[in-house]
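Top line first, the protein sequences correspond to chains U and L. Going by UniProt numbering, the first residue of the first sequence is number 1, and it counts up by one from there. Going by UniProt numbering, the first residue of the second sequence is number 1, and it counts up by one from there.
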Amino acid sequence: MTVKSALASRHPQVLLIHDRELESGAAVIISQHMEDFRAFKAGDDSIKAVKEYQPKILLLEMNSVKDSIQYYVSLVKEHNLLTHPHQVVLLCTNKEAGLAYAVCAKGTFYDYFVSRPIYEKFRLKSILNNLSKLLAIQEDATQINDTYVNALDGDINSLVDEVNSFQENIKNQIDNCRSVLVNQGNHSGGEDIEEVLSPLISQIEDEVHKSLANFLDNLGKQKLSNIKHKKNLSKSVSSECKFIKDIPDDGNIELPQASSGAEAEDDMPTDDMLLEAADDNLEAEKLLADNVLLGDEGVIEKKSPKKIMVVEDNHIYRDMIKKILIGHKYEVIEASNGMEAIKQLNKHKLDLVLMDLFMPELDGLNTTKQFRKHSGKKDLPILALTGNKNKDLVVKWVSSGINGYIMKPSSKEKIIQAVEEALDKIKKN
Amino acid sequence: MSEIPIYDPEVLVSLIGDDQPLIEEYKKEFVKQCVPTLRGIAAAFNKNENTEVKDQAHYLKTSAKAIGAMRCAARLQKIEDCALSDDRVSLKQHITLLQNDIRDVKKEFIK
Numbered sequence: 001m002t003v004k005s006a007l008a009s010r011h012p013q014v015l016l017i018h019d020r021e022l023e024s025g026a027a028v029i030i031s032q033h034m035e036d037f038r039a040f041k042a043g044d045d046s047i048k049a050v051k052e053y054q055p056k057i058l059l060l061e062m063n064s065v066k067d068s069i070q071y072y073v074s075l076v077k078e079h080n081l082l083t084h085p086h087q088v089v090l091l092c093t094n095k096e097a098g099l100a101y102a103v104c105a106k107g108t109f110y111d112y113f114v115s116r117p118i119y120e121k122f123r124l125k126s127i128l129n130n131l132s133k134l135l136a137i138q139e140d141a142t143q144i145n146d147t148y149v150n151a152l153d154g155d156i157n158s159l160v161d162e163v164n165s166f167q168e169n170i171k172n173q174i175d176n177c178r179s180v181l182v183n184q185g186n187h188s189g190g191e192d193i194e195e196v197l198s199p200l201i202s203q204i205e206d207e208v209h210k211s212l213a214n215f216l217d218n219l220g221k222q223k224l225s226n227i228k229h230k231k232n233l234s235k236s237v238s239s240e241c242k243f244i245k246d247i248p249d250d251g252n253i254e255l256p257q258a259s260s261g262a263e264a265e266d267d268m269p270t271d272d273m274l275l276e277a278a279d280d281n282l283e284a285e286k287l288l289a290d291n292v293l294l295g296d297e298g299v300i301e302k303k304s305p306k307k308i309m310v311v312e313d314n315h316i317y318r319d320m321i322k323k324i325l326i327g328h329k330y331e332v333i334e335a336s337n338g339m340e341a342i343k344q345l346n347k348h349k350l351d352l353v354l355m356d357l358f359m360p361e362l363d364g365l366n367t368t369k370q371f372r373k374h375s376g377k378k379d380l381p382i383l384a385l386t387g388n389k390n391k392d393l394v395v396k397w398v399s400s401g402i403n404g405y406i407m408k409p410s411s412k413e414k415i416i417q418a419v420e421e422a423l424d425k426i427k428k429n
Numbered sequence: 001m002s003e004i005p006i007y008d009p010e011v012l013v014s015l016i017g018d019d020q021p022l023i024e025e026y027k028k029e030f031v032k033q034c035v036p037t038l039r040g041i042a043a044a045f046n047k048n049e050n051t052e053v054k055d056q057a058h059y060l061k062t063s064a065k066a067i068g069a070m071r072c073a074a075r076l077q078k079i080e081d082c083a084l085s086d087d088r089v090s091l092k093q094h095i096t097l098l099q100n101d102i103r104d105v106k107k108e109f110i111k
């Protein structure tokens with residue numbers, strides 16, 4: 001690594017903030033190691049620097065570990081800074097190394113380094129090298145998400161998920177084979193490797209062929225299904241509340257409007273059939289009415305109410321929706337932002353989510369993506385609460401996993417109608 | 001903007017029913033919510049933080065619409081639009097007028 005004298009980089013990616021009169025030894029090491037680095041004494045200048053430079057790596061060297069944590073919290077909470085991807089390294093005294101280790105072990109900060117006194121300058125360089133690699137990867141990932149993911153419609157998203165799971169399978173199979181190879185190598189004591197590999201390779205080939213065949217089969221089915229449902233897309237419910245029945249197969253969907261008389265008449269045969277089917281279902285459901293079901297041993301059990309999570313940052317509107325739902329015998333879980341919703345999601349078995357789209361911290365679309373991708377809640381119906389809709393927005397919502405929307409504000413009846421439709425659809429599926 | 005009604009009581013009735021004590025409670029809560037949000041919008045405007053202005057306006061717009069404070073809701077939409085297009089002159093004008101809209105809706109609530 002070449003020595004750089006860049007204590008005053010114009011656009012530093014790495015900032016060291018300290019509260020000591022003398023510049024620490026760490027600052028010298030970093031300035032020699034990295035070009036994009038500057039050090040600031042804690043104060044107005046350091047806050048301005050964090051705001052202006054949005055550092056990817058922040059090193060904090062306060063008098064104590066506690067002071068460093070408090071300073072970080074003040075940057076985030078009071079000054080609303082560091083909302084971009086970044087990592088923090090604690091610089092501490094030898095005495096507080098244990099405490100700094102514990103803080104990092106909890107995942108609060110990336111790592112720590114004992115800077116008073118400095119014994120291992122290469123460890124500091126190593127931490128910075130690792131972070132530089134890590135953050136470059138994060139930045140790329142963010143760009144990919146922002147630029148491309150939004151452009152994917154639901155159809156492609158679903159296919160991409162399938163391809164990802166297919167790739168994951170292959171990776172698992174290769175990993176399994178590796179471990180089998182290692183085990184067999186250990187037991188056979190140097191058996192001919194080709195003999196061991198041949199059956200495994202055949203097995204992988206077979207499985208890959210099967211997966212591919214399934215994938216192609218599903219691809220064909222999905223395409224047919226999409227074409228069929230695209231035709232039905234424009235006649236679901238009113239313009240205020242709508243359940244998006246299926247994902248369109250291209251970006252040229254038509255935004256459904258309230259069914260005009262003429263349009264409704266054109267589609268009457270299909271609607272009639274649907275209504276008949278719905279009536280049949282209602283008849284069947286009446287047999288199980290009065291909210292009771294027979295359990296396995298003939299004991300009468302009360303049907304538990306459906307659980308709905310309302311994710312809305314405005315407490316007044318959230319409370320209104322909650323009261324409406326409770327009035328219709330639903331159980332309501334509340335969340336005031338996306339992060340809280342994700343926490344609640346793991347605690348409750350939900351039947352439906354009503355999701356505000358514009359919220360601080362984590363918005364509705366990203367929360368929905370998190371639900372779908374990381375929590376495995378692919379079938380959980382999610383209806384957006386929104387005051388705005390247009391064709392582009394609907395396409396974006398669908399690609400993020402939203403199943404329908406309720407306009408803000410709608411009447412009580414329309415909200416309940418949208419909720420019931422979403423729950424009925426899941427029941428039928 | 002003057003053609004838009006200050007307050008439409010039907011909106012809240014259609015949302016939560018004709019429950020007068022509850023309606024009064026929500027009206028009070030809305031007025032309470034207006035004060036810090038208006039301050040937040042003004043502070044964010046002074047700091048030239050358009051995203052924050054837009055977010056705060058969007059937040060209050062949700063309850064303004066739900067409560068039936070129609071003119072406030074329309075004004076907040078304008079504030080969102082101006083913040084988004086970085087039209088500082090119009091933004092300032094609409095923030096000033098939002099104060100009047102909130103004052104007007106308070107008066108309507110008392111009637």
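Ideal Cβ placement from N, Cα and C applies to all residues, glycine included.
Fill in: U/K427 versus L/E10 - alpha carbon distance
Residue mapping note: residue 427 of chain U aligns to position 427 of the first sequence, counting from 1. Residue mapping note: residue 10 of chain L aligns to position 10 of the second sequence, counting from 1. Approximately 34 Å, taken between the alpha carbons.
Item to complete: Report yes or no: do three or more beta-carbon pairs, one from the segment 346–362 of chain U and one from the segment 329–338 of chain U, lie closer than 8 Å?
Response: yes
Fill in: Identified DSSP bridge partners for U/S308
As a first step, residue 308 of chain U must be located in the first sequence, where it is residue number 308. Correcting the residue identity first, residue 308 of chain U is Ile in this sequence and not Ser. Looking at the DSSP assignment, U/I308 forms a beta bridge with U/V332 and U/L352.
Worksheet item: Excluding the five sequence neighbours on either side, which residues of its own chain have a C-beta within less than 7 Å of the C-beta of U/I127, listed in chain order?
Response: If you number the first sequence from 1, residue 127 of chain U lands on position 127. Answer for U/I127: V89, D111 and F113, listed in chain order.
Discussion item. For a test of the three-state rule: what should DSSP assign to U/A42, helix, strand or coil?
Written reply: Numbered from its first residue, the first sequence carries residue 42 of chain U at position 42. Note: U/A42 maps to coil in three-state DSSP.
Worksheet item: Can you give the beta carbon distance from U/L135 to U/Q87, rounded, assuming they're within the 8 Å contact cut?
Response: Counted from its first residue, the first sequence places residue 135 of chain U at position 135. Counted from its first residue, the first sequence places residue 87 of chain U at position 87. Indeed, because the Cβ distance is near 7 Å, the residues count as touching under 8 Å.
Discussion item. Can you check whether the C-beta of U/Q417 is within less than 7 Å of a C-beta belonging to chain L?
Written reply: Within the first sequence, residue 417 of chain U is the residue found at index 417, counting from 1. It does not; no Cβ of chain L falls within 7 Å.
Worksheet item: Among residues of its own chain, excluding the 5 on either side of U/A100, which ones have a beta-carbon nearer than 7 Å to its beta-carbon?
Response: Taking the first sequence and counting its residues from 1, one reaches residue 100 of chain U at position 100. Answer for U/A100: V65, L90, C92 and Y112, listed in chain order.
Discussion item. Within a Cβ cutoff of 7 Å, which residues of the same chain sit near U/M339, ignoring the five residues on either side of it in sequence?
Written reply: One-based indexing of the first sequence puts residue 339 of chain U at position 339. Contacts found: E361 and L362.
Discussion item. Tell me which residue opens and which closes the alpha helix (DSSP H) that U/R318 is part of.
Written reply: Mapped onto the first sequence, residue 318 of chain U falls at position 318. Note, U/R318: alpha helix (DSSP H), H315 to G327.
Fill in: Element boundaries [beta strand (DSSP E), containing U/V14]
The count along the first sequence starts at 1 and reaches residue 14 of chain U at position 14. Residues V14 to H18.
Worksheet item: Does DSSP put U/G404 in a helix, in a strand, or in coil?
Response: On the first sequence, residue 404 of chain U is found 404 positions in, with the first residue counted as 1. Strand, per DSSP.
Fill in: Of the listed residues U/Y53, U/L58, U/D19 and U/S46, nearest to U/I30 (C-alpha basis)
The residue you call residue 30 of chain U lines up with position 30 of the first sequence. Of the candidates U/Y53, U/L58, U/D19 and U/S46, the one whose C-alpha sits nearest the C-alpha of U/I30 is U/L58.
Item to complete: With DSSP collapsed to three states, give me the class of U/K428.
Response: One-based indexing of the first sequence puts residue 428 of chain U at position 428. Three-state result, U/K428: helix.
Worksheet item: Should L/T96 be labelled buried (16 or more other beta-carbon atoms within 10 Å of its own) or exposed?
Response: Here residue 96 of chain L refers to the residue found at position 96 of the second sequence. L/T96 is exposed by the Cβ-count criterion.
Fill in: Nearest neighbour of L/L76, chosen from L/V53, L/D86 and L/K106 [CA to CA]
Residue numbering aside, residue 76 of chain L sits at position 76 when the second sequence is read from its first letter. The option with the nearest alpha carbon to L/L76 is L/V53.
Worksheet item: Buried or exposed: U/D313, going by 16 or more other Cβ atoms within 10 Å of its Cβ?
Response: Reading the first sequence from its first residue, position 313 is the one you call residue 313 of chain U. It is buried - the Cβ of U/D313 has at least 16 other Cβ atoms within 10 Å.
Worksheet item: Between U/R20 and U/M62, what straight-line distance do the alpha-carbon atoms span, to the nearest angstrom?
Response: Taking the first sequence and counting its residues from 1, one reaches residue 20 of chain U at position 20. Taking the first sequence and counting its residues from 1, one reaches residue 62 of chain U at position 62. Cα to Cα, the separation comes out at about 7 Å.
Worksheet item: What residue range is occupied by the uninterrupted beta strand (DSSP E) comprising U/E61?
Response: For this step, residue 61 of chain U is matched to residue 61 along the first sequence. Taken as a continuous stretch (DSSP letters only), the beta strand (DSSP E) holding U/E61 covers I57 to E61.
Discussion item. Once DSSP output is grouped into helix, strand and coil, what is the label at U/L75?
Written reply: In the first sequence, the residue the question calls residue 75 of chain U occupies position 75. Residue state, collapsed to three classes: helix.
Worksheet item: Would the beta-carbon of U/Y330 fall within 7 Å of that of U/I316?
Response: For the purposes of this step, residue 330 of chain U is taken as the residue at position 330 of the first sequence. For the purposes of this step, residue 316 of chain U is taken as the residue at position 316 of the first sequence. Contact: no.
Worksheet item: Which residues bound the alpha helix (DSSP H) around U/Y112?
Response: The count along the first sequence starts at 1 and reaches residue 112 of chain U at position 112. No alpha helix (DSSP H) contains U/Y112, which is instead part of the beta strand (DSSP E) from D111 to R116.
Item to complete: Answer yes or no: does any C-beta atom of chain U fall closer than 7 Å to that of L/A74?
Response: Residue mapping note: residue 74 of chain L aligns to position 74 of the second sequence, counting from 1. Not an interface residue.
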